[in-house]
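Enquirer:
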Amino acid sequence: MDRATELLASVFGFDAFRPGQAEIVEAVAAGRNVLAIMPTGGGKSLCFQLPALYRDGVTVVISPLIALMRDQVRALREVGVEAGALTSGNTQQETDAVFDALDQGRMRLLYMAPERLASAGTLTLLQRIGTSLIAVDEAHCVSQWGHDFRPDYLRLGELRRALNVPLAAFTATADAETREEIVRRLFDGDAPQTFLRGFDRPNIHLAFAAKDGPRKQILDFATARRGQSGIVYCSTRAKTETLAGALRQDGHSACHYHGGMDREDRRVVETRFQREDGLIVVATVAFGMGIDKPDIRWVAHADLPKSIEAYYQEIGRAGRDGAPAETLTLYGYDDIRLRRSQIDEGLAPMERKSADHVRLNALLGLAEALRCRRQTLLKYFGEDPEPCGHCDLCDKPAEVFDGTEAVRKALSAILRTGEYFGAGHLIDILVGSTTDKVRARRHDKLPTFGVGKDMNRVQWQAVFRQMMGHDLVRPDPERHGALRMTEIARPILRGEDTIKLRRDTIRKAAARPVARALVTEDDAPLLSALKAKRRALAETARVPAYVIFTDRTLIEMAEKRPVTLDQMAGISGVGAKKLDRYGVAFLGIIAGETPAPEHPARMKLSGRTEGAVYDRLLEAQAELARGDGTGKPMSCSASLLAKVASLHAPDMATLQQLLGERRAERFGPAFLDILQDA
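Terminal number for the sequence shown in the working numbering: 681, no gaps in between.
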């Protein structure tokens, strides 16, 4: 390590390693396979840049963003290290300079994007230049269901085997499941030397607040930090533009950023943010990896992030210089519903959706925490710290009360309705609202009807939100978001345990106008599932989603919930061809199982009067098929029954002609009665 310590001082200008760096540098320099999980701003880059200076050969660095590569190459050249990048953004002159340095043996670190691995000539190049180490930055991008997934990261395991060199993978965000996936895909399941260097960023102040006029909350937060660089994350592109406009109107220097902007416009924002002091960028998560500005003083979330991992990564962009930084995350019941629907409408398999709901629940648990937020956050990542004294709940402890009675009322409503309904219908029961849905299911006769009149609907939403945060209830994807009780809740329901809830977030919850939803709260999860099916079919057929079914058609399906093809045919926008092509698939989503197949002749009658006539003819035939017990069993084919059902002027002569003499003799009188009664 003497050589490493000498280079640390002489090249990079540091007197000592940061905590955890020295052991990782030593392992990488020794040529061992390494997986290092280090907090953002913890000095990951140095852990592969420093060994590259005294290892033989070239260190190839796989990085997901051109901007990030350019920044690191520029910084290395500033300290006299020969480094280069091969990217799609290079000029021909830049590319020629990189190849000259490689051919002359001067290059120590070569950066490239994972997509370059798809080129047939890349492997030949890396073999020719004497690659001795592969360093993978942002290794969590290999996780196939992560929000930063990059398909070409899956090629890295194959590249490691082909070059037969060690691989060092680095990330700041990797829970246990993601770490297992990294090991499986990059190291073929052979565990590398793993360094878990803590997730704590003690310089970042953590704070959450329930939404209560969210625009004003963000404006007030920014005004208190006027002149400081900050990021505001929003869930939609439109909100980034309107909120950036509101900040400018309030006297701030602010701009918006999202994936729908032209590349050049995004580049201008990125450049401004790097160079200007005090600029606020209001962005979607498209403004993500590669933001290496060290003096971002605050990060705010105008909407709830997608998961606890996404939250950790996004707040980690603040205070990378080690100086104090602040965060604020706003959340509300509509945020939770949006995030649930995004998970349910995705194309991930059911087990992944369930895992994503667990991750979201963990974030809700952080939002509804009763004690130190940093403890709650770090416990999720497997650490067990003391209270930090530097978060909103350490600054001012939450006002709590014994919520056992309210929770037991809610759990009772869930169980007495068979765990088949979402929070909206359950709240109707608790507050005693006699909606059509409540009356139709006779839920106004339940013992729990009206037992929660002491709180209004929005306050009950706050209770259900906290119950989800404490993992007492979970939405069931297979029941389209209906709430199910977890094992953790059973002792509370039985009176064997108690639970504390936050009074402050319940008291602040006041009814206020909200945008009208497309469907009721209870129908929203089913609509999400129907949209997910439509999306999958549209992607397979390579057509826009509305070509399969319009939103209006799916909304009607979610509201009416047809269970037969006849009922499905009655949905607006479901014609004969679409019924034949998609009817069974969408019935399967609504019913939770694929219906029994029908004969094509019967399917053609779906939604018509003749379909019901066909069913009655089929029943009559079943009773008469064996005759009086002495005759031979007899039946009509499905296509023949369909022809009988379609007769417009039935009489016995017509039936004899259609059925034949023997069948007309057995079935004719019964069939004629049905046809004349239709």
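Just so you know, even glycine gets a beta-carbon here, dropped at the ideal spot from N, CA and C.
(1) Between Pro-327, Cys-375 and Leu-307, which lies nearest to Arg-343 when the distance is taken from Cα to Cα?
(2) Taking buried to mean at least 16 other C-beta atoms within 10 Å of its own C-beta, is Met-655 buried or exposed?
(3) Taking a contact to mean a Cβ-Cβ separation below 8 Å, would you say Val-285 touches Val-235 in this structure?
(4) Determine, using beta-carbon pairs with one atom in the stretch 269 to 283 and one in the stretch 222 to 234, whether at least three such pairs fall under 8 Å.
(5) Mind reading off the beta-carbon distance from His-208 to Cys-394? Whole number of angstroms is fine, and I expect it under 8 Å.
(6) DSSP on Glu-668, reduced to helix/strand/coil?
(7) Roughly how many angstroms lie between the CA atoms of Thr-94 and Gly-83, to the nearest whole one?
(8) May I ask you to verify whether the stretch 577 to 587 touches the stretch 548 to 567, counting CB pairs closer than 8 Å and requiring at least 3?
(9) Does the Cβ-Cβ distance between Phe-404 and Asp-178 come in under 8 Å?
(10) Just list the residues that DSSP pairs Cys-394 with in beta bridges.
(11) Given this structure, state the Cα-to-Cα distance separating Gly-23 from Gly-192, to the nearest angstrom.
(12) Can you tell which of Leu-112, Val-14, Val-61 and Ala-25 has its C-alpha closest to the C-alpha of Glu-81?
(13) Please classify Thr-612 as buried or exposed, where buried requires at least 16 other C-beta atoms within 10 Å of its C-beta.
(14) Would the stretch 438 to 457 and the stretch 405 to 421 be scored as touching if the rule is three or more Cβ pairs under 8 Å?
(15) Among the residues of its own chain, which have a CB less than 7 Å from the CB of Glu-312, if the five just before and after it don't count?
(16) In this structure, does DSSP put Pro-54 in helix, strand or coil?
(17) Does DSSP put Ser-135 in a helix, in a strand, or in coil?
(18) With Thr-379 and Gly-368 assumed to form a contact (beta carbons below 8 Å), what rounded beta-carbon distance in angstroms separates them?
(19) In this structure, does DSSP put Arg-519 in helix, strand or coil?
(20) Have a look at the DSSP bridge pairing and note the partners of Thr-332.
(21) Report yes if the CB atom of Ala-604 is closer than 8 Å to the CB atom of Ser-642, and no otherwise.
(22) From the DSSP output, which residues share a beta bridge with Lys-503?
(23) Along the chain, where does the alpha helix (DSSP H) containing Gln-75 start, and where does it finish?
(24) For Ala-19, count the other beta carbons within 10 Å of its own beta carbon; 16 or more makes it buried, fewer makes it exposed. Which is it?
(25) Can you give me the Cβ contacts of Gln-130 inside the same chain, cut-off strictly under 7 Å, excluding the 5 residues immediately before and after it?
(26) Nearest-angstrom Cα distance between Gly-92 and Glu-118?
(27) For Gln-378, list the residues DSSP reports as bridge partners.
(28) In chain order, what residues of the same chain have a beta carbon less than 7 Å from the beta carbon of Thr-174, not counting five sequence neighbours either side?
(29) Let me know the secondary structure DSSP gives Asp-347 once reduced to three states.
(30) Would you mind sorting Thr-67 into buried or exposed? The rule is 16 or more other CB atoms within 10 Å of its CB.
(31) Put Phe-674 into one of helix, strand or coil per three-state DSSP.
(32) Terminal residues of the continuous alpha helix (DSSP H) containing Met-353?
(33) Could you give the residue range of the beta strand (DSSP E) that holds Gln-196?
(34) Is DSSP giving Met-115 helix, strand or coil here?
(35) Compute the distance between the beta-carbons of Gly-484 and Pro-478, then report whether it is under 8 Å.
(36) Could you compute how far the alpha carbon of Arg-366 sits from the alpha carbon of Ala-210?
Expert: On the basis of the supplied data:
(1) The shortest C-alpha separation from Arg-343 is found at Leu-307.
(2) By the neighbour-count criterion, in which 16 or more other beta carbons inside 10 Å mark a residue as buried, Met-655 falls on the exposed side.
(3) Closer than 8 Å, so yes.
(4) Output reads yes: the stretch 222 to 234 touches the stretch 269 to 283.
(5) The Cβ separation is near 6 Å, so the contact holds.
(6) Here Glu-668 sits in helix by DSSP.
(7) Each residue's Cα considered, the two are about 22 Å apart.
(8) At 8 Å Cβ cutoff, the stretches touch.
(9) The answer is no: Cβ separation not under 8 Å.
(10) Answer by DSSP bridge pairing, in chain order: Leu-209.
(11) C-alpha separation (whole angstroms): 24 Å.
(12) Minimum Cα-Cα distance from Glu-81 among the listed residues Leu-112, Val-14, Val-61 and Ala-25 corresponds to Val-14.
(13) Exposed.
(14) Touching, yes, given that three or more Cβ pairs across the two stretches are closer than 8 Å.
(15) Apart from sequence neighbours up to five positions away, the residues of its chain that approach Glu-312 with a beta-carbon distance below 7 Å are Thr-176, Asp-178 and Arg-362, ordered along the chain.
(16) Pro-54: helix per DSSP, three-state reduction.
(17) Of the three classes helix, strand and coil, the one that applies to Ser-135 here is strand, per DSSP.
(18) At roughly 6 Å, the Cβ-Cβ gap stays under 8 Å, so Thr-379 and Gly-368 are in contact.
(19) With a pLDDT of only 40 at Arg-519, under 50, the local geometry of the prediction cannot be trusted, and no value is derived from it.
(20) DSSP, once it has assigned bridges, lists Phe-211 and His-304 as partnering Thr-332.
(21) By the CB criterion at 8 Å, Ala-604 and Ser-642 fall inside the cutoff.
(22) Asp-405, per the DSSP bridge assignment.
(23) Looking at the DSSP string, the run of the alpha helix (DSSP H) that includes Gln-75 is 69 to 81.
(24) So Ala-19 counts as exposed.
(25) The residues are Leu-166.
(26) When rounded, the distance between both Cα atoms is 13 Å.
(27) Its beta-bridge partners do not exist; DSSP assigns none.
(28) In chain order, Ile-40, Glu-141, Ala-142 and His-143 place their CB closer than 7 Å to the CB of Thr-174, counting only its own chain and leaving out the 5 sequence neighbours on each side.
(29) Helix.
(30) One detail in the question is off: residue 67 reads as Pro in this sequence, not Thr. When all chains shown are included, Pro-67 counts as buried.
(31) Of the three classes helix, strand and coil, the one that applies to Phe-674 here is helix, per DSSP.
(32) Where Met-353 is concerned, the enclosing alpha helix (DSSP H) starts and stops at 353 to 370.
(33) For Gln-196, the uninterrupted beta strand (DSSP E) segment begins and ends at 196 to 199.
(34) In the structure shown, Met-115 sits in a strand (DSSP, three-state: E or B).
(35) Cβ distance < 8 Å, so Gly-484 and Pro-478 count as in contact.
(36) Here residue 366 is Leu; the residue named in the question, Arg, does not match the sequence. Answer to the nearest angstrom: the Cα atoms are 13 Å apart.
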